[in-house]
Amino acid sequence: MTPIYISSLRKVITRFLSVAGMVSLPFIIVAALARKFAVSGALAAGFAAGICDSAIMLGGIARGSKKSGTRAFAFMKRGMLARIALAGAACFLAVKAGINMFCFFLAFCLMHVVCFVFILIIAREGIKLPERGKE
Numbered sequence: 005m006t007p008i009y010i011s012s013l014r015k016v017i018t019r020f021l022s023v024a025g026m027v028s029l030p031f032i033i034v035a036a037l038a039r040k041f042a043v044s045g046a047l048a049a050g051f052a053a054g055i056c057d058s059a060i061m062l063g064g065i066a067r068g069s070k071k072s073g074t075r076a077f078a079f080m081k082r083g084m085l086a087r088i089a090l091a092g093a094a095c096f097l098a099v100k101a102g103i104n105m106f107c108f109f110l111a112f113c114l115m116h117v118v119c120f121v122f123i124l125i126i127a128r129e130g131i132k133l134p135e136r137g138k139e
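Below, the structure written as structure tokens:
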């Protein structure tokens with residue numbers, strides 16, 4: 005990958021993480037200010053798992069776009085298995101830690117909604133990454 009492509013990809017990822025933080029922090033802060041620490045902990049864990057899952061998805065899309073059709077499909081399928089393993093491990097750890105599962109899954113799903121809205125905004129704005137191999 006060329007340095008221009010990498011810097012553009014970093015800008016997109018940095019922008020996504022800042023949007024995810026702006027969406028998740030108010031929920032956590034409001035719950036903590038209301039002295040609902042169990043809820044704020046569950047929200048924080050759900051948002052963290054959702055951000056990790058979205059990062060795996062976006063990274064798989066970026067890396068899979070460099071490959072040919074069938075190889076890209078196989079690569080993204082392996083990424084899907086990693087996402088399922090992450091979600092299963094996060095759920096298992098949340099249950100073992102006694103976290104409020106409703107708040108955990110609510111935050112997890114909300115982070116995916118934020119990710120998909122972010123992708124739609126990028127598509128609408130027409131942010132284009134430079135083609136690989138060209139500078």
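Residue numbers for the sequence shown, in our numbering: 5 to 139.
The C-beta atom is built at its ideal place from N, Cα and C for all residues, glycine as well.
Simplified DSSP state of residue i, which is helix, strand or coil
i: Gly102; result: coil
i: Lys70; result: coil
Straight-line gap, residue i to residue j (C-alpha atoms, nearest Å)
i: Glu139; j: Val16; result: With a pLDDT of 46 at Glu139, under the threshold of 50, the modelled position of this residue cannot be trusted, and the question is left open.
i: Ala98; j: Phe108; result: 8 Å
i: Ala42; j: Ala24; result: 21 Å
i: Ala35; j: Ser22; result: 20 Å
i: Gly45; j: Leu29; result: 12 Å
i: Arg14; j: Gly83; result: 20 Å
i: Ser72; j: Arg39; result: 52 Å
i: Met61; j: Arg87; result: 7 Å
i: Leu110; j: Thr74; result: 35 Å
i: Phe120; j: Phe20; result: 10 Å
i: Thr18; j: Ala59; result: 11 Å
i: Cys95; j: Ser69; result: 30 Å
i: Leu124; j: Ala101; result: 35 Å
i: Ala53; j: Phe31; result: 15 Å
i: Lys81; j: Val117; result: 21 Å
i: Phe106; j: Leu47; result: 9 Å
i: Gly92; j: Glu129; result: 35 Å
i: Ile33; j: Ala49; result: 14 Å
i: Ala66; j: Asn104; result: 34 Å
Residue i vs residue j beta-carbon contact at 9 Å
i: Phe112; j: Phe51; result: yes
i: Cys56; j: Leu85; result: no
i: Gly64; j: Phe77; result: no
Checklist entry - Taking only runs of the beta strand (DSSP E) that begin and end inside the segment 14 to 93, which ones reach a length of at least 3 residues, in chain order? => result Here no run is fully enclosed.
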